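Here is the structure we will look at.
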């Protein structure tokens, strides 16, 4: 059945849920809403067990990292990197490794 079908509202779970919860009891509190999306820091913490918002330079201070700016312009990126004393050119590429050995005579 198509999502835009005329009969979708009669069989949709969401529609049934809305109908049953249209008149909630006065005493029951509303369930807490979950955030629709997790932040990038929360996702990295879940996957790598790493808190990327903690200062890596001095872990004793407990400082939190925060986003300062998003620089989409390459000229702005170079100016910022030069201003903080970091290299502005990308590191040189290393040569590709040799292809894996195929076959070979391993029998004695």
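Residue numbers (the working numbering): 151 to 258. Ideal Cβ positions, reconstructed from N, Cα and C, are used throughout, including at glycine. Just so you know, these numbers come straight off a predicted model, no measurement behind them.
Coil, strand or helix - residue i by DSSP
i           : result
residue 229 : helix
residue 202 : coil
residue 196 : helix
Residue from the options with nearest C-alpha to residue i
i           : options       : result
residue 240 : 211, 251, 227 : 227
residue 216 : 208, 247, 191 : 191
residue 212 : 220, 201, 219 : 201
C-beta contact flag for residue i and residue j at 9 Å
i           : j           : result
residue 222 : residue 231 : no
residue 214 : residue 204 : yes
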